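Asks: Take this structure, written in C-alpha cells, and hold onto it; I'll ask about it next.
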Amino acid sequence: MTQSYDPKSFEASWQAHWLEHKTFRAHGPGDTDFDASKSKYYVLDMFPYPSGAGLHVGHPIGYIGTDIIARKKRMQGFNVLHPMGYDAFGLPAEQYAIQTGKHPSVTTENNIATFRAQMQNIGLSYDWDREFATCTPDYYRWTQWIFARLYDRGLAYQTEVPVWWCENLKTVLSNEEVINGRSERGDHLCIRRPLRQWMLKITAYADRLIEDLELVDWPASVKTMQTEWIGRSEGAEIDFQVAGHDAKIRVFTTRPDTLYGATFMVLAPEHPLVDQITSQEQREEVKTYREAAASKSELDRTDLAKGKTGVSTGAFGLNPLLDPLDPAARIAIHVADYVLMGYGTGAIMCVPAHDERDHEYALRFDLPILPVVAPRDGAQPEGCWGGEGLAINSPLWDGLATTEAKQKAIQELQQRSLGQPKVTYRLRDWLFSRQRYWGEPFPVLHCEDGTHKRVADEDLPVELPDMDDFAPSEDGRPPLSKVPSWVEVTDPVTGEKYLRDTDTMPGWAGSCWYYLRFMDPHNSDAFASKEALDYWGNVDLYVGGTEHAVLHLLYARFWHKVLFDEGLVPTAEPFQRLFNQGMLQAFAYKDPGGRLVSSDEVTVDGSEARLTADGTPLEQVVAKMSKSLKNVVNPDAVCAEYGVDTFRLYEMFMGPLAESKPWNPRDVPGARRFLERLWRLFVDQEGDSPIREDLLQASEGELVGEALEIERAWNPCLVRINDSFENFNFNTAVAALMEWLNTATKNRAGFRRDQAQRVVCALAPFAPHLAEELWQRLGHKAGTVSFAPWPDVDERYLGSDTFELAVQVMGKLRGRIDAPRSASKDDLEALARQAVADRLEGSTVRKVIVVPGRLVNFVVS
RNA sequence: GCGGGAUUGGCGGAAUUGGUAGACGCGCGAGGUUUAGGUCCUCGUGGGCAUUGCCUGUGGGGGUUCGAGUCCCCCAUCCCGCACCA
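Okay, so the first sequence: first residue is 296 according to this note's numbering, each after it adds one.
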C-alpha cells in the first residue's frame, strides 16, 4: 500500500470539520466563551460585491494573505476577529434584473452562495457566524439608522444641484463615479443637469479628514491621494466692483499678494453675473460662447491641448486697492471656460505674470502683463513665473516676501471690507441619492406642506417594496415612485398623510460601516453593542485593492467620525493599518501589429509563443486578466487539479502581496511538488503507519548529527517566516520553508518529533489542510493545529560555528574561506592574508577593512 | 504637465538595508531509477573567454565610498494617481 500526498483525501473533510466545529468562531463580549483577558486582533478584507462571474484567482490573493495573518495571530494567543460579508446593493444586479426580469434579491442571493462556496473552498478561516449582506433589512435598518443620525445633525440635506446624470443608467452619479464625463461603471456618457438630491455634508469634516490621517498607519500614497482629493487651499476672497454697474464680483485666490498684478478677470460661463454685466456690443458673442460651453462635453472642456478660449463681456472690473479713476484700476472682464463654476466663486482675478493659465490666456487675447513678484536672486524671469519672491509694483506691500505679502494683503483688504481670508476645498459635498431600486430607501417622509421629517428610529427599517419592474421611467423618476401603496403613508395616530422619499442610497452606503456590524452582527437593539465596540475597537489591519484609496475609504472615515462625535464608537479612525495588495495579472500575447491576442488562439512552446492559426511569432507581455483575452483563471479549477494548499501556497509564492504580478500556470506545479516532498518527510509512503513511526517517539537528549543540522536550518527559517509578516512578503516565507525542507530531506533520518511538531505549526497558516492532517497523524486526535502555540526561535541554533569569510582585494572577491565565528578581527585578517598571500605579494597593504561575519577587504597599492 | 511607484537571468522573484548579486521556484541541459513515458533522485544553469582561471554583469550615464542592486545627480522606458481647482 502506498500513501502518497493526496490533498483530495483530506482537504474537504478538514473544511467540513472547521465549519462543523465552528473552529474560527470569534468570541466577543456577551458570548459565553468570551475571554476578556485575551488581546484582540481585527483583520479585515474589503468585502466583495458578489458579481455573477464569481471569484477569479485575483480576488483571493488578499484573502489568503489575511487568512495567513489571522491564523498566525490565533496561534499567538490573540482573540482574532476575521469576518466576511457582501456589499450586496448596487447597480449590476439591478441592470441584470431589468434585462432578465430576475429579482435582484434572487440573483444576489445566488451570487452570494457562489462566493461563499468558493471562499470556503479555499479554506479561509472566517467566522462564518458573522457573515451578512448589506441588502438584508436586518442590516440596512442600521444603515438607515445611521443616516438618521446624520439627518439629525444637519449633515444630510436636499438641494437642487447640477449633478451628473447618466442617461443610460437613468440615474445621477456622484463626482467620484464619473471620470472624464463618463460613468465609471459601464463607461456611459454623462451630462450635468440640475436635480433635487440628497447631499451629505462631508465638507464639514474636510479638515479632520486631512488631519487625522496622521493617526493611521496607511501607505503614504493613499494618504496623499486623499489629501489631494480633499484639496484644501488657503487664500482670500476679494470683491471687485464692476465699473458702471451696481455689482460686485467676488473672486477666490491663493495669491492675494499678486492683487496689483491682476490685469483682467474671468468669469465661468455659468456665472450668474454674466448676463447682467455684459455690454450690448458683446451680448451676441457671449451668448454664443456660453451656449457652446454648455454643450461641450466635460472631456472637451478640460482638454488642455486645445488651448484657451473665451470672450470679453465688454465690462470692466476695478482693482479694489487702486483709485477707481486710475486707468490701471480698470481691468477687462472676460468669460472663459477654463474657470469652473464649481470651484471657489466661479470667478478669478487674473495675474498673467505669475499664473501659467492666465499667462496663456493673456498672450492669446493680447492682455497686459504686469510683474508684481521678483525672485530673491534678482534674476529676470522670462515669461510666466509662479515662484515665491519679493513683492514689487505693489504699493502697500512692496519688498515683502510672498508669505508676509499674502498676510499683509489680506489684512489691508479686511480693514477696507474688501475681502477676507478663505479656505476652499476641492472636495464637494457627497451626492447621496440615486434614482434606482436596489439600494437602501431613505427613512424620510415628505409632508404635504413641502417639509420633510425622518422616520422614527423604532419604525426602521423602511423596507424596499417587492416589485418586478425595476426599469426607471423615461422622465427619470425613480422605480420606487411606481408603487403608490408603498409611497403613500398615513400616520395611524394623527391621520396625516405623507409621501415616502423614493430615492435610494448609493452603493457606498452599506460599506461605510460594515466593519462595525461585524463586531456584533446579530444585535437587534443597536448597530453593535457598546461592549463589543469598546472591546474590538477599530480594525487593526484592513486589506484591499488601491481602487478604494479615495472613495470607500473617505466615505467610511466620514461616517465613522460622525459616529465618533455621537459618542457611539470609541476611536476617531476606523482602520488603523491599511495595506493594498497588488493586482494579479496574467500573461498575454501581442502580435507584431501590437494587438493583444486571445489566449485560446496561442500555442506556447517553451519560451516561444505563436499564433496557432499561422505560426506568427508573438511577444509575451503582462496584462490584466480579462474575459476578452480569455486569460481568466478560476480558483476552483486550480484547487481541483492541484489541491487547495497548493493554490494558496502558489498565490503567496508568486511575490510580495503588495506587488502586481502575473499568474503563471507553469509555476503552479512547483508549489505542489514542495508539498509532496514535505509529505514524504513525514509519511513513509510504502508503510501502513499514518506517520513515520519514529516521529511518534518522544524526542530526547541532545540535538546531534542530522537532527542538529535540521535544527540549525530550522531556526533561521523560522526567523524568515516571522519577518515575512512585517510587509506580507510571504514569498520569502515559502522560500525559507523550501530551503529548510531541502536540508531536512538530506538529513531525513535525524528528523525528530519535536521538530516535526514545530514545523507543522509554522506551516499551518500557509497550508492549513496539510498541517491539520499531519498534526492529527502526529497523534493529536481530537484537536486542531489552529490554536497550537506558534513556535519560538531558539537563538542557540541560529547559526553554525563557522561562516564563509569573503576575502577581497581592492573590493574584488578573491577568495572564500571557512572562518570560526568566534575569531577576532585580527584572527580574521590573518586568515584572509593567508588566503590571498600570492596576490598581496609585491604590493603594500595600505588599509584592511574587517567586517566580522562577512568579509575582509585589503586596500593595496 | 504635476505627483507616486517601478526597471535584477529565458520567467516569477531573493539579497541580513552600504558588505560574497541572482536565494527559492519555474524553465532548460546532463546523468540515474523505471520495460517505456510521466513521477522521483543527483548534478549543472547570468553573459563572455578559457586548461586551472580570468573578465564582465542589477534600464543608460556620471558621482560618493575600501566596497553600490542598495546612497546622490542626470537621462530613458513602463505602470498608477491627479489633471485648467485659481
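We put the beta carbon where it would ideally sit given N, CA and C, even for glycine. Here the structure is a predicted model, which means the values were calculated and not measured.
What's the gap between the Cα of residue 1117 and the Cα of residue 1006?
Replies: C-alpha separation (whole angstroms): 20 Å.
Asks: How would you call residue 823, buried or exposed, if buried means at least 16 neighbouring beta carbons within 10 angstroms?
Replies: Counting Cβ neighbours within 10 Å, residue 823 comes out buried, since at least 16 surround it.
Asks: Closest to residue 391 by CA distance: which of 449, 821 and 732 is it?
Replies: Checked all of 449, 821 and 732; the closest Cα to residue 391 is 732.
Asks: With respect to the beta strand (DSSP E) encompassing residue 871, which residues constitute its N-terminal and C-terminal limits?
Replies: It spans 870 to 875 - the beta strand (DSSP E) in which residue 871 sits, taken as one unbroken run.
Asks: Do residue 487 and residue 420 have their beta-carbon atoms positioned less than 7 Å apart in this structure?
Replies: Going by C-beta atoms, residue 420 is not nearer than 7 Å to residue 487.
Asks: Below 7 Å between beta carbons: does that hold for residue 653 and residue 588?
Replies: Not closer than 7 Å, so no.
Asks: List the endpoints of the continuous alpha helix (DSSP H) containing residue 958.
Replies: No alpha helix (DSSP H) contains residue 958, which is instead part of the beta strand (DSSP E) from 956 to 958.
Asks: I want to know whether the stretch 686 to 706 touches the stretch 565 to 572 - three or more CB-CB distances under 8 Å.
Replies: These segments do not touch.
Asks: Compare the Cα-Cα distances from residue 780 to each of 768, 789, 772 and 797 and report the closest residue.
Replies: Of the candidates 768, 789, 772 and 797, the one whose C-alpha sits nearest the C-alpha of residue 780 is 797.
Asks: Whole angstroms are fine: how far does the CA of residue 426 sit from the CA of residue 314?
Replies: For residue 314 and residue 426, the distance between alpha carbons rounds to 13 Å.
Asks: Have a look at 1144, 1153, 1014 and 829 and flag the residue whose alpha-carbon is nearest the alpha-carbon of residue 1138.
Replies: For the residues 1144, 1153, 1014 and 829, the minimum Cα distance to residue 1138 belongs to 1153.
Asks: Please specify which runs of the beta strand (DSSP E), each continuous and at least 3 residues long, are wholly inside the stretch 671 to 746, giving them in chain order.
Replies: Here the runs fully enclosed are 714 to 719 and 739 to 742.
Asks: Identify which residue in 989, 1003, 1135 and 760 has its Cα closest to the Cα of residue 1073.
Replies: When each option's Cα is compared against that of residue 1073, the closest is 989.
Asks: Just the C-alpha distance for residue 1087 and residue 1010, rounded to the nearest angstrom, thanks.
Replies: Answer to the nearest angstrom: the Cα atoms are 9 Å apart.
Asks: Could you tell me the distance, in whole angstroms, from the CA atom of residue 949 to the CA atom of residue 318?
Replies: Answer to the nearest angstrom: the Cα atoms are 29 Å apart.
Asks: With DSSP as the reference, label residue 555 as helix, strand or coil.
Replies: Three-state DSSP puts residue 555 in a helix.
Asks: Just to confirm my understanding: we take residue 967, look at its own chain, exclude 5 residues before and 5 after, and list those with CB closer than 6 Å. What are they?
Replies: Within the same chain, residue 967 has close Cβ partners 937 and 941.
Asks: Opposite residue 785 in the DSSP bridges: which residues?
Replies: Looking at the DSSP assignment, residue 785 forms a beta bridge with 792.
Asks: Could you give the first and the last residue of the continuous alpha helix (DSSP H) run that contains residue 1009?
Replies: Where residue 1009 is concerned, the enclosing alpha helix (DSSP H) stretches over 1000 to 1022.
Asks: Go ahead and label residue 401 buried or exposed: buried means 16 or more other beta carbons lie within 10 angstroms of its beta carbon, across all protein chains shown.
Replies: It is exposed - the Cβ of residue 401 has fewer than 16 other Cβ atoms within 10 Å.
Asks: Classify residue 712: buried if its beta carbon has 16 or more other beta carbons within 10 angstroms, exposed otherwise.
Replies: So residue 712 ends up on the exposed side.
Asks: Cα-Cα, which of 377, 912 and 929 is closest to residue 920?
Replies: The candidate whose alpha carbon is nearest that of residue 920 is 929.
Asks: Is DSSP giving residue 623 helix, strand or coil here?
Replies: Looking at residue 623 - three-state DSSP - the assignment turns out to be helix.
Asks: If you reduce the DSSP assignment to three classes, tell me which class residue 950 lands in.
Replies: Here residue 950 sits in coil by DSSP.
Asks: Taking residue 1140 as the reference, give the member of 1149, 389 and 1124 with the closest Cα.
Replies: The candidate whose alpha carbon is nearest that of residue 1140 is 1124.
Asks: What does the alpha-carbon distance come out to for the pair residue 693 and residue 862?
Replies: Each residue's Cα considered, the two are about 51 Å apart.
Asks: Go ahead and pull the three-state DSSP assignment for residue 425.
Replies: In this structure, residue 425 counts as helix in the three-state DSSP scheme.
Asks: Just the C-alpha distance for residue 1127 and residue 1097, rounded to the nearest angstrom, thanks.
Replies: So the alpha carbons of these two residues sit roughly 14 Å apart.
Asks: Would the beta-carbon of residue 495 fall within 7 Å of that of residue 834?
Replies: For residue 495 and residue 834, no; Cβs fall outside 7 Å.
Asks: Inspect the beta-carbon positions of residue 529 and residue 739 and report whether they are closer than 7 Å.
Replies: Against a cut-off of 7 Å, the Cβ pair of residue 739 and residue 529 comes out as no contact.
Asks: Just the Cα atoms here: how many angstroms apart are residue 440 and residue 362?
Replies: Rounded to whole angstroms, residue 440 to residue 362 spans 32 Å at the Cα level.
Asks: Please state whether the Cβ-Cβ distance between residue 805 and residue 329 is less than 7 Å.
Replies: Contact: no.
Asks: Suppose only complete runs of 4+ residues qualify. What are the alpha helix (DSSP H) ranges in the stretch 363 to 392, listed by chain order?
Replies: Taking only runs of at least 4 residues, no alpha helix (DSSP H) segment lies wholly in the stretch 363 to 392.
Asks: Along the chain, where does the beta strand (DSSP E) that runs through residue 1141 open and close?
Replies: Run containing residue 1141: 1140 to 1146, per the beta strand (DSSP E) assignment.
Asks: Verify whether the separation of the beta carbon atoms of residue 552 and residue 700 is less than 7 Å.
Replies: Yes, these two residues count as a Cβ contact at 7 Å.
Asks: Can you list, in chain order, the residues of its chain with a C-beta nearer than 7 Å to that of residue 478? Leave out the 5 residues immediately preceding and following it.
Replies: Contacts found: 461, 464, 468, 472 and 485.
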